[in-house]
Structure formats: structure tokens, C-alpha cells
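For reference, the structure is listed below as C-alpha cells.
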Amino acid sequence: IRAVGGGSSTVTARITANGQEKTATVTINVASDAEEIAQRFVDEALKYVGMNEQRFENTVGSLVPDGQWCAAFVSECAKKAGVHNVIPYETGAGTIINSTITAGGTGFRFNSTDQKWYPKTSVVDRSQFRPQKGDIVALRLKGSSGTTHCGIVYDVTDSNVLIVHGNWNGRVATSSFTY
């Protein structure tokens with residue numbers, strides 16, 4: 007999920023000259039400091055590596071749902087990094103994906119059969135798409151149906167995506183997955 011980025015604005019002007027009305031429409035693409043924002047989001051998440059749920063709660067000053075707290079981890083990091091306007095606070099891995107898309111993020115998936123779990127996403131070709139730092143990754147772990155886990159991309163290699171995520175064996179951890 008790409009939740010951090012620029013935007014655009016469309017301006018339409020009507021001008022009357024020599025008795026004739028002309029209309030011109032201009033779309034302005036607004037550059038943002040998306041890389042800096044994504045880095046801030048990642049840096050915030052990486053601060054907590056190794057912490058268990060209780061220590062994470064004590065450090066951020068709020069409670070996360072017992073047991074299943076990967077999405078709450080992503081949400082807390084977004085809040086602390088100042089990007090909670092595009093990454094809404096959610097406690098469910100599947101819910102955070104759909105809420106982030108609704109808030110303006112863009113969803114991508116590699117598997118066309120996952121449409122029922124990610125209805126607002128587009129299928130992309132692995133050879134033409136590369137995850138980026140700050141993306142939110144949804145995982146459907148082997149043997150499960152639907153989204154069961156999520157995390158934040160902190161680095162990408164030619165074949166792996168490296169994520170930081172909460173509630174991985176009871177802790178905030180980093181992991182590498184082939185994409």
C-alpha cells in the first residue's frame with residue numbers, strides 16, 4: 007500500500023477576451039517530501055525492534071489490542087510519524103489496508119485470486135513493480151484465508167522486501183520476504 011505521496015489539484019479558469027469566452031483547465035501536480043515522510047515513518051517503526059507488546063505500549067503511551075497487534079503497531083508508528091491522516095488507526099491487518107486505500111493510498115497486489123480480500127487494489131506484474139520504503143505490506147500467511155498480518159517496508163533488494171512489524175513472535179521484529 008502506498009500511503010505517502012504528493013497530490014494534484016485541478017484549476018479551471020474562464021477568460022473573456024474580445025467578447026469570446028475561453029476556458030482553460032490546468033492540473034497541477036504537487037510534489038511532496040514523500041521520501042522524507044516515508045523515512046520518518048520507517049525510522050519510527052525501527053525504534054521499537056525487539057520490544058514486546060507491553061514495552062511497546064509503555065513506550066508509545068497507549069494500549070494496543072491484546073494478542074493481535076500488528077496493525078495497531080503500524081497505526082501507532084503512523085501517528086508518531088505524523089502520517090495518521092493517510093494511515094488511519096486500525097487494529098486489524100485487513101482493515102488497515104482497506105482504510106488506507108479509502109484515505110487516498112494506492113493498493114497493489116501480485117495475485118489476482120486475492121481480489122476478494124483486497125477489492126480496492128490493482129494487480130501488478132512482479133517484474134514491473136518494486137515495493138518502496140514506507141509501503142504497508144499485507145501478508146496472507148500460509149494456510150490462512152484473508153489478511154493475517156501487516157508491516158512496514160523499510161528496505162527492498164532485487165528479490166526481497168524487508169519489513170518491520172509488530173506481533174511477530176510476540177515482538178516488534180524485522181523480516182525479509184521474497185516478492
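Residues in the sequence shown are numbered consecutively from 7, following this note's numbering. No residue lacks a Cβ here, since even glycine has one placed at the ideal position from N, Cα and C. Nothing here was measured: the structure is a model prediction, and the numbers come from that model.
Short Cβ contact (8 Å threshold) for V178 with F62: It is a contact, given that the beta carbons lie within the stated cut-off.
Span of the alpha helix (DSSP H), counted from its first residue to its last, around L52: L52: member of the alpha helix (DSSP H) spanning 40–52, first to last residue.
Buried versus exposed, by CB contacts within 10 Å (16 or more), S182: Taking all protein chains in view, the Cβ of S182 is surrounded by fewer than 16 other Cβ atoms within 10 Å, so the residue is classified as exposed.
Stretch pair the segment 42–61 + the segment 83–103: three plus CB contacts closer than 8 Å: Result yes; three or more Cβ-Cβ pairs closer than 8 Å.
Nonlocal neighbours in the same chain, by C-beta distance under 6 Å from T31, ignoring five residues either side: The residues T18, in chain order, have a CB closer than 6 Å to that of T31 in the same chain once the five nearest residues on each side in sequence are set aside.
Candidates N175, T153, T154, D141, of which the one nearest I169 by Cα: Checked all of N175, T153, T154, D141; the closest Cα to I169 is D141.
Among E82, V143, C83, nearest to G157 - alpha-carbon criterion: Comparing C-alpha distances from G157 to each of E82, V143, C83 shows the shortest one belongs to V143.
Buried versus exposed, by CB contacts within 10 Å (16 or more), A109: Exposed, since its Cβ has fewer than 16 Cβ neighbours within 10 Å.
Own chain residues within Cβ distance below 8 Å of T101, not counting five before or after: Correct list, in chain order: A77.
beta-carbon A19 near the ligand ATP non-hydrogen atom, thresh 7 Å: The ligand ATP is not part of this structure, which contains no ligands at all.
Same chain, Cβ closer than 7 Å to W174, neighbours up to 5 away in sequence not counted: For W174, where only same-chain residues beyond five positions count, the Cβ hits under 7 Å are S181.
Nearest-angstrom Cα separation, counted from T184 out to G111: Cα-Cα distance, rounded: 23 Å.
Reduced DSSP category for I93 - H, G, I as helix; E, B as strand; rest coil: Coil, per DSSP.
Among D161, N104, H155, N166, the one whose alpha carbon lies nearest that of G176: Nearest C-alpha to G176: H155.
First and last residue of the uninterrupted beta strand (DSSP E) at G157: Counting along the chain, G157 sits inside the beta strand (DSSP E) bounded by residues 155–162.
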